[in-house]
Amino acid sequence: MTIRETQRELPLPDGDLAPMVLGQGDELLRLLGRLTGTDLLVRGATVQLRGPQESVLLAERVLRQLILLARRGLPVSTADLQRAVGALDRDPTVSLEAILLDTVFTSDRGKPIRPKTPNQKHYVEAIRNHDIVFAIGPAGTGKTYLAMAMAVAAFMRREVQRIILARPAVEAGEKLGFLPGDLEEKVNPYLRPLYDALHDMVDIEKARRLVAHGQIEVAPLAFMRGRTLNSAFVVLDEAQNTTREQMKMFLTRLGNDSRAVVTGDITQVDLPAGAVSGLVDAQRTLDGVEGISFVRFGEEDVVRHPLVQAIVRAYERAEQAGRASPPHPGRPEAEEER
Numbered sequence: 460m461t462i463r464e465t466q467r468e469l470p471l472p473d474g475d476l477a478p479m480v481l482g483q484g485d486e487l488l489r490l491l492g493r494l495t496g497t498d499l500l501v502r503g504a505t506v507q508l509r510g511p512q513e514s515v516l517l518a519e520r521v522l523r524q525l526i527l528l529a530r531r532g533l534p535v536s537t538a539d540l541q542r543a544v545g546a547l548d549r550d551p552t553v554s555l556e557a558i559l560l561d562t563v564f565t566s567d568r569g570k571p572i573r574p575k576t577p578n579q580k581h582y583v584e585a586i587r588n589h590d591i592v593f594a595i596g597p598a599g600t601g602k603t604y605l606a607m608a609m610a611v612a613a614f615m616r617r618e619v620q621r622i623i624l625a626r627p628a629v630e631a632g633e634k635l636g637f638l639p640g641d642l643e644e645k646v647n648p649y650l651r652p653l654y655d656a657l658h659d660m661v662d663i664e665k666a667r668r669l670v671a672h673g674q675i676e677v678a679p680l681a682f683m684r685g686r687t688l689n690s691a692f693v694v695l696d697e698a699q700n701t702t703r704e705q706m707k708m709f710l711t712r713l714g715n716d717s718r719a720v721v722t723g724d725i726t727q728v729d730l731p732a733g734a735v736s737g738l739v740d741a742q743r744t745l746d747g748v749e750g751i752s753f754v755r756f757g758e759e760d761v762v763r764h765p766l767v768q769a770i771v772r773a774y775e776r777a778e779q780a781g782r783a784s785p786p787h788p789g790r791p792e793a794e795e796e797r
C-alpha cells in the first residue's frame, strides 16, 4: 500500500518565543521529527513539515500546542515533548495547556508541581471532586507525589486541619518485632519515601515543626486502628500490601470534612501466601460507589527516567507472553483462580 505523503507550513511566533518552541539549537524540533517520523525544517519564520500524512498532522498538532505554551511563558523539556507526542497521538483533542498549566502546589523552593500527562490531570480533578480516590498503576506515575501535593495544598488553604500519610509498615503484615531498635527506628525505613516527598514540597524545618505539632503525621497503617480522622487529608501509600481487613479498617476511619487518597500497584503485591490484597478487593467492592473515584495509570503515565517507561512496558509484554513468574497469591490473577 502506498503511503500518502504531504507537506505543510506552520508560522512560528515572533521574537523570543520561537526558541521556546524549537528548543536550544533546535533540539526540540529535531526530537519531534524523530518521534513522529517527519522531516521538519525552519525556513525564515516558518516550519516546513514533510512526510506521511498522519505523521505530519501529528507533528503539526504538537507544534501548535508548543506555540500556545510558549505564549503562556511555559518552557517545554525533551521529556515533556516525548509525553506530548504520545498523548496527542492517542487523543488529538488533548490540551497540553490545560495539563501543564494546572499548578497543584508551589513548593517552598518555588518549584511548581503540576500534572504531566492527561491521566495525571484526570487524577488531580478526581481528588478535587471526590472524597475518596483510588490511584492504581505502576511505579513512577506520580500517584503518591501528586496526592501529597494536593494534601499540602489543601492544608495550606486551611481546607483541612492536618495531613496523615500512612503506609503498611512492612510488606508482610506489619510484623515489626524482629527488627532492631525502638518503634520509630523499626518503621522509619518504610516511611522514608513519604518523608522524602514531603521534604520536596515543604522546607525541612517547617515540616519538622508541623510533624512535632501533630499537623502532619507520617505513620504505619496499624496506627489508624480505633481512630476517627476528622478534618484530615489522608494518603495511604503502597495499598496493594494491605489486607482486605486493613483496607476496610482504614476506609472506615474517615470522619467529617476529611478526604482520602489510596495509591498502589496491584502488580507488586508482597503479602504472604493466602492473603487477599485489600486494594484488589476494594476495586471489586467499591467501583461504582458514588463519591469514590478510581483512576488507573499505565506505562504512558510514567514520569521518571525514560527507561522506566521502557522497563514497565517490557515486563508487561513478558507477563502477557507467559514468560513471567507464576502469579503471587495476593495478586488478582491468583484470586480469580480461587
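Quick note on numbering: the sequence shown equals residues 460 to 797 in this note's numbering.
Glycine residues also receive a C-beta, built at the ideal position from the N, C-alpha and C atoms.
Predicted model, so just to flag it, every value in this text is computed and none were measured.
- The bridge partners DSSP lists for Gln-507 are Glu-468 and Leu-500.
- With a threshold of 16 other beta carbon atoms within 10 Å, Lys-575 meets it and is buried.
- Residue pairing by DSSP leaves Thr-687 without any beta bridge partner.
- Fully enclosed alpha helix (DSSP H) runs of no fewer than 4 residues occupy 555 to 559 of the region 548 to 584, in order along the chain.
- Beta-carbon to beta-carbon, Ala-610 and Val-694 are separated by about 6 Å, close enough to satisfy the 8 Å threshold.
- Residues Tyr-604 and Met-607 of the same chain have their beta carbon placed closer than 6 Å to that of Ala-656, with the five preceding and five following residues left out of the count.
- In this structure, Val-619 places its C-beta atom within 8 Å of the C-beta atom of Phe-692.
- In this structure, DSSP gives Ser-717 a state outside helix and strand, which the three-state scheme calls coil.
- DSSP, reduced to helix, strand and coil, places Gly-545 within a helical segment of the structure shown.
- Segment contact: the region 503 to 510 against the region 532 to 542, fewer than three CB-CB distances shorter than 8 Å; contact not assigned.
- Looking at the DSSP output, Ser-536 shares a beta bridge with no other residue.
- Between Leu-738 and Gln-699, the gap from beta carbon to beta carbon is short of 8 Å.
- DSSP assignment within the region 659 to 708 yields the following whole alpha helix (DSSP H) runs of 4 residues or more, N-terminal first: 663 to 671.
- With contacts defined by Cβ atoms closer than 8 Å, Leu-688 and Thr-701 do not form a contacting pair.
- Excluding its 5 nearest sequence neighbours in each direction, Arg-463 has C-beta neighbours in its own chain below 8 Å: Pro-511 and Gln-512, listed in chain order.
- Going by beta carbons, Asp-561 and Lys-580 fall inside the 8 Å limit.
- Under the DSSP definition of a beta bridge, Val-754 partners with Ala-594.
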